[in-house]
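So the structure is just underneath, and the comments pick up after that.
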Amino acid sequence: AEVQEETGQSGSIEVREETDQSESVEEEQSANVGQQEESESSKAVQQAVDWSEIRTETTVKEEKNHENSKTEAPGYRFRSRKHLTDHYKKHGIDMGFDSAQGYEKAAAAVVQNPDALHKTEAEDGDDVYYLQATNEFVIVSTDGYIRTYFKPDSGIKYFNRQ
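In short: position in the sequence shown from 1, add 179, done, that's the numbering used here.
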């Protein structure tokens, strides 16, 4: 068998054995490389699936934890931890709440307050609550979740426009 070294365009050295079996060796090596690439591709896909499952499990756990975190007014919560966090950032911080949980409890307390004005939104049937003494406004969806809680700039006029 004769051994030849050749430098390819990339500067790498190829070693070839010139025998009757050289073609079958190259085919076998090519097949092995293909299998290795396929295996690595499968691993990448599997890792993506695993991350997806982890994200889903985390989201489900957050939702269950949120559902289990009862407020002083049971049954009145934001639909999800994400909705609560988004609304807390949008309104709660400006209202002076130091936590999303405190913000959620205060919204539930407005709904439960006998002094709060109440009406049903004609547009979609949501319940609208307004506590005039503190200028607090809450909307509760038809399925019982807090949709928003804030202090409207125009006070009672805002409530009346709903």
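Glycine included, each C-beta is placed from N, C-alpha and C at the ideal position.
Of the residues assessed, I318 falls on the buried side of the cut-off, its CB having 16 or more other CB atoms within 10 angstroms. A direct Cα-Cα distance of roughly 27 Å separates K298 from K261.
For the pair of segments examined, the region 301-312 was found not to touch the region 266-282: the number of CB pairs separated by less than 8 Å stays below three. Residue environment: E302 is assigned as exposed (fewer than 16 neighbouring CB atoms within 10 Å of its CB, all protein chains considered). Around the beta-carbon of R340, fewer than 16 other beta-carbon atoms lie within 10 Å, marking it exposed. Judged by DSSP secondary structure, K298 falls within the beta strand (DSSP E) whose first and last residues are 296-299. Taking all protein chains shown into account, A312 has fewer than 16 neighbouring C-beta atoms within 10 Å of its C-beta and is therefore exposed. Annotated three-state conformation of R258 is coil, per DSSP.
Remark: C-beta atoms of A285 and F276 approach each other more closely than 8 Å. In the three-state scheme derived from DSSP, where H, G and I count as helix and E and B as strand, F316 is classed as strand. Secondary-structure assignment with DSSP links L310 through a beta bridge to E315. Note on geometry: alpha-carbon atoms of E300 and S320 lie some 10 Å from one another. Y328 is the residue among Y328, D294, A295 whose C-alpha sits nearest the C-alpha of R256.
In the DSSP assignment, F329 falls within the beta strand (DSSP E) that extends over 325-329.
Between the alpha carbons of L263 and E283 lies a gap of roughly 7 Å. For D273 and K330, the gap between their C-alpha atoms comes out near 10 Å.
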